[in-house]
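Since the structure comes first, as structure tokens, the remarks are kept for the end.
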Amino acid sequence: FLKSRIACSLPLDSTMLNCGLEVLRLASLGCWREENWFESLIFPGTVSSLALLHYPLRPCATPQAAMDGDTPLCCQDHADSILVTLLDTFQYPGLQIWREDGQWMEVPVRPDSLVMNIGQTLSAISGGRFKATRHRVRDILVDRFSAAFFLEPKYDGDITVRMFGTEGEDNRLQSEEEVIKHYGPWLIDKMRNKPEYRDFVALEFSTV
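Each residue of the sequence shown is one higher than the one before, counting from 1 in full-length UniProt numbering.
What follows is the structure in structure tokens.
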């Protein structure tokens, strides 16, 4: 089963990676930078990943911890840590993004298309020109599937680089007291503070 799953995933992983790189090339050109500006941050050794996601139908009432007011959730409000996320929703509804007017907006279901979320790393590197996408997934009360590709830097990628110097309201990934230069250690530090990754707290990782 595992071998067949890997065999099916590899072509999708490669396609998503190439698509994400093309997005970043266009973003670079749009910001008056060299087309391949991001590639030294990503290669060699990107830690990008493909996630095949299943949100199962709950067999009982939604727990209070999964409620936001009257809205049941299967994925809590957050912004991804990465550069960009490419998401195939398989035409399932439920994905919502946070609007600047303080309202949640349902992402329209469009056949033969991908949804792109901007991550916190790209937002910081661009000095806030690209805003990290705050999003959540509403529980639609049926089994829900999706495929998400997280385009990420390499483990030792320098995430203190900036496209436009230091200006910008969303420029920092961390406070002055705890600046971490490389993506891998920074990501692991973030994971340690999430309840679902509590087992990482006792582990030691290279800080590069």
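Glycine included, every Cβ here is placed at the ideal spot set by N, Cα and C.
So, for residue i: in the same chain, excluding its five sequence neighbours on each side, which residues have a beta-carbon less than 6 Å away from its beta-carbon?
i             : result
aspartate 170 : Caution is warranted here: a pLDDT of 49 is assigned to aspartate 170, below 50, making its placement in the model unreliable, and the coordinate value is therefore given only provisionally. Same-chain partners within the cutoff: Ser123 and Gly128.
Which same chain residues end up closer than 7 Å to residue i when comparing Cβ atoms and leaving out the 5 residues on each side of it in sequence?
i             : result
tryptophan 37 : Ser28
glycine 45    : Lys154 and Tyr155
residue 213   : Here the chain covers residues 1 to 208 and nothing more, so residue 213 does not appear.
serine 81     : Gly119, Gln120, Thr121, Leu187 and Lys190
glutamate 167 : Because the pLDDT of glutamate 167 is 46, which lies under 50, any placement of that residue in the model is unreliable, and the number read from its coordinates should be weighed accordingly. Excluding positions up to five away in sequence, the list reads Gly127.
proline 11    : none
glutamine 91  : Val109 and Pro111
Using 7 Å as the threshold, is the C-beta distance between residue i and residue j below it?
i            : j            : result
residue 210  : glycine 94   : A question about residue 210 goes unanswered here, because the residues of the chain that appear run from 1 up to 208.
threonine 62 : serine 146   : no
residue 209  : leucine 151  : Lying outside 1 to 208, the shown extent of the chain, residue 209 is not represented and no answer is given.
alanine 79   : arginine 134 : yes
arginine 144 : tyrosine 55  : yes
leucine 87   : alanine 148  : yes
First and last residue of the beta strand (DSSP E) that includes residue i?
i             : result
leucine 122   : Element bounds for leucine 122: not the beta strand (DSSP E) but the alpha helix (DSSP H), 120-125.
leucine 73    : 71-78
arginine 138  : 135-138
threonine 84  : According to the sequence shown, residue 84 is valine rather than threonine. Note, valine 84: beta strand (DSSP E), 84-88.
leucine 57    : No beta strand (DSSP E) contains leucine 57, which DSSP labels as neither H nor E.
glutamine 96  : 95-98
glutamate 106 : 104-106
Locate the alpha helix (DSSP H) running through residue i, then write down its first and last residues.
i              : result
isoleucine 188 : 183-192
glutamate 152  : First-last for glutamate 152: undefined, no H or E at that position.
isoleucine 42  : 39-42
Take residue i as the anchor and find which of the options has the nearest alpha-carbon.
i                 : options                          : result
leucine 73        : Gln64, Arg110, Arg134 and Ala79  : Gln64
glutamate 35      : Phe43, Arg25 and Ile42           : Arg25
residue 238       : Pro11, Cys75, Leu41 and Ser40    : Residue 238 lies beyond the stretch modelled for the chain, which goes from 1 to 208, so this question has no answer here.
methionine 67     : Ile140, Asn193, Arg99 and Gly165 : Ile140
residue 210       : Arg33, Trp32, Cys8 and Glu22     : Because the chain in this structure spans residues 1 to 208, residue 210 falls outside the shown range and cannot be described.
leucine 173       : Leu83, Thr71 and Ser40           : Leu83
isoleucine 125    : Leu41, Ser14 and Thr15           : Leu41
phenylalanine 130 : Gly30, Pro59 and Asp70           : Gly30
Using 7 Å as the limit for Cβ to Cβ distance, is residue i near chain B?
i          : result
leucine 95 : Absent here is chain B; the protein component of the structure consists of one chain.
Assess, as a yes-or-no matter, whether the segment 44-58 is touched by the segment 104-115 under the definition of 3 or more beta carbon pairs within less than 8 Å. no
Counting beta carbon pairs with one atom in the segment 150-160 and one in the segment 180-192, are three or more of them shorter than 8 Å? yes
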